[in-house]
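Colleague: The sequence shown begins at 2 in the working numbering and counts up by one.
Ideal placement from N, C-alpha and C gives every residue a C-beta, glycine not left out.
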Amino acid sequence: MVLGVQERISTKMAMLSPQLQRAAQFVSENPEGVATRSLRYVAKLTGVSPPTFTRLASALGYEKYEGLRESCRDHIMKQGLIFAAKAKALQEQGPQEEREGLFVVRQAKSTISNINQLLKSVNPEQIEVAAKNLASARKVILVGMMSSLPFIEYMAYVASMGYENWHVLGRDSRSDTSLINGIGQADVALVISKAPYALRAIKAAEQIQNRGTFVIGITDKMSSPLCQHCDSIFIVSTETPQFFTSHAATLVLIESLVGLVVSYSDDSVSQRIASVEATGHKIGDYFPKS
Numbered sequence: 002m003v004l005g006v007q008e009r010i011s012t013k014m015a016m017l018s019p020q021l022q023r024a025a026q027f028v029s030e031n032p033e034g035v036a037t038r039s040l041r042y043v044a045k046l047t048g049v050s051p052p053t054f055t056r057l058a059s060a061l062g063y064e065k066y067e068g069l070r071e072s073c074r075d076h077i078m079k080q081g082l083i084f085a086a087k088a089k090a091l092q093e094q095g096p097q098e099e100r101e102g103l104f105v106v107r108q109a110k111s112t113i114s115n116i117n118q119l120l121k122s123v124n125p126e127q128i129e130v131a132a133k134n135l136a137s138a139r140k141v142i143l144v145g146m147m148s149s150l151p152f153i154e155y156m157a158y159v160a161s162m163g164y165e166n167w168h169v170l171g172r173d174s175r176s177d178t179s180l181i182n183g184i185g186q187a188d189v190a191l192v193i194s195k196a197p198y199a200l201r202a203i204k205a206a207e208q209i210q211n212r213g214t215f216v217i218g219i220t221d222k223m224s225s226p227l228c229q230h231c232d233s234i235f236i237v238s239t240e241t242p243q244f245f246t247s248h249a250a251t252l253v254l255i256e257s258l259v260g261l262v263v264s265y266s267d268d269s270v271s272q273r274i275a276s277v278e279a280t281g282h283k284i285g286d287y288f289p290k291s
């Protein structure tokens, strides 16, 4: 039986040197990063030299580092149906837990934990800089695909009450290429991408950053392919007992950002919000007296 990368690490970990253990820990926790990123990028991300990862590959029984990467790819393929597997596990628990109300407690605890992790990890200065950049930008480009798209659209909807210069990539009247081609150093982009990472979002972030635009990223791991294309990155936990990743902490972060952006803006923004709200009442957008 051929051992996978996780099995090899678990059986060899105690025999490795501290430096190799550090590298092995990263590989164990981030197989997708090792599989998809260059050795140079992984070394820069971890602060561990490329030769150390090569020695780790040898210590784990691979002829070359590429063998370790291939094993990581195999691991990812086996995890490819992770959402389906989680859904199956939920079904196998049966309805008893749901009837007793235990699942909602687990879900709530997980969500609270994710938000608490955000509160502990977020740098107040970093979020302040991000908000000020968004407030002063000529244009703001919002990027999110798959499950991240609704949160990008929600952020754009809220921001639209105070600003006319926020655009959602793929939802604007212009084509993606036209929108990206029209931005530069005076603009800011915010990109959300969580595992499994949408290739289109990563490619868009890369192209946007290449134009000198300040890119803010929200993702779930430091090994995320989004990180290398961002000037400011926020890591949010997505852990949950249900089958799909949680976006609750992301929602807290983007709502906080929009609130801060408004606080750093001039009176014209609050005046526009009042005008938009008044117009909404006049044309019947809102239920009377709501």
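Nearest to residue 182 by CA position, among 211, 202, 164, is which residue?
Modeller: Taking the sequence shown and counting its residues from 1, the one referred to as residue 182 is at position 181. The shortest Cα separation from residue 182 among 211, 202, 164 belongs to 211.
Colleague: What do you get for residue 238, buried or exposed, if any count of 16 or more other CB atoms within 10 angstroms of its CB means buried?
Modeller: In the sequence shown, residue 238 corresponds to position 237, counting from 1. Buried is the call here.
Colleague: For residue 280, count the other beta carbons within 10 Å of its own beta carbon; 16 or more makes it buried, fewer makes it exposed. Which is it?
Modeller: Taking the sequence shown and counting its residues from 1, the one referred to as residue 280 is at position 279. Exposed: under 16 other Cβ atoms inside 10 Å.
Colleague: Which partner residues does residue 168 have in the DSSP bridge list?
Modeller: As a first step, residue 168 is located in the sequence shown; it is residue number 167 there, counting from the start. BP columns for residue 168 point to 142.
Colleague: Any idea if residue 16 is buried or exposed, counting beta-carbon neighbours within 10 angstroms, 16 or more meaning buried?
Modeller: Within the sequence shown, residue 16 is the residue found at index 15, counting from 1. Exposed, since its Cβ has fewer than 16 Cβ neighbours within 10 Å.
Colleague: On a CA-only basis, which of 107, 270, 215 is nearest residue 243? Give me that one, please.
Modeller: Translated into positions along the sequence shown, residue 243 becomes position 242. Per the Cα distances, 107.
Colleague: Considering only residues of the same chain and omitting the five flanking positions on each side of residue 228, which have a CB-CB separation below 6 Å?
Modeller: Counted from its first residue, the sequence shown places residue 228 at position 227. So the list reads 234, once near-sequence residues are dropped.
Colleague: Less than 8 Å between the beta carbons of residue 184 and residue 140, yes or no?
Modeller: Translated into the one-based positions of the sequence shown, residue 184 becomes position 183. Translated into the one-based positions of the sequence shown, residue 140 becomes position 139. Result yes, Cβ atoms of residue 184 and residue 140 sit closer than 8 Å.
Colleague: For residue 237, which of helix, strand or coil comes out of DSSP?
Modeller: Looking up residue 237 in the sequence shown gives position 236. Correct three-state label for residue 237: coil.
Colleague: Residue 61 and residue 35 look like a contact to me (Cβ under 8 Å); what is the Cβ gap, rounded to whole Å?
Modeller: Position 60 of the sequence shown, counted from the first residue, corresponds to residue 61. Position 34 of the sequence shown, counted from the first residue, corresponds to residue 35. Rounded, the Cβ-Cβ distance is 12 Å, inconsistent with contact.
Colleague: Determine whether the beta carbon atoms of residue 144 and residue 196 lie at a separation below 8 Å.
Modeller: By one-based count along the sequence shown, residue 144 stands at place 143. By one-based count along the sequence shown, residue 196 stands at place 195. It is not a contact, given that the beta carbons lie outside the stated cut-off.
Colleague: Mind checking which residues open and close the beta strand (DSSP E) that includes residue 190?
Modeller: Taking the sequence shown and counting its residues from 1, the one referred to as residue 190 is at position 189. Note, residue 190: beta strand (DSSP E), 189-193.
Colleague: Does residue 179 get closer than 8 Å to chain B when you measure Cβ to Cβ?
Modeller: Here chain B cannot be found, since the structure has a single protein chain.
Colleague: By the 10 Å Cβ neighbour count, where 16 or more other Cβ atoms means buried, how is residue 163 classified, buried or exposed?
Modeller: Locating residue 163 in the sequence shown gives position 162, where the first residue counts as 1. The residue is buried, with at least 16 neighbouring Cβ atoms inside 10 Å.
Colleague: By Cβ distance below 7 Å, which residues in the same chain neighbour residue 255 in space, the five residues on each side in sequence not counted?
Modeller: In the sequence shown, residue 255 corresponds to position 254, counting from 1. Excluding sequence neighbours, residue 255 sits near 152, 156.
Colleague: Checking 8 Å against the spacing of the C-beta atoms, do residue 74 and residue 226 come in under that value?
Modeller: Along the sequence shown, one-based indexing puts residue 74 at 73. Along the sequence shown, one-based indexing puts residue 226 at 225. Going by C-beta atoms, residue 74 is not nearer than 8 Å to residue 226.
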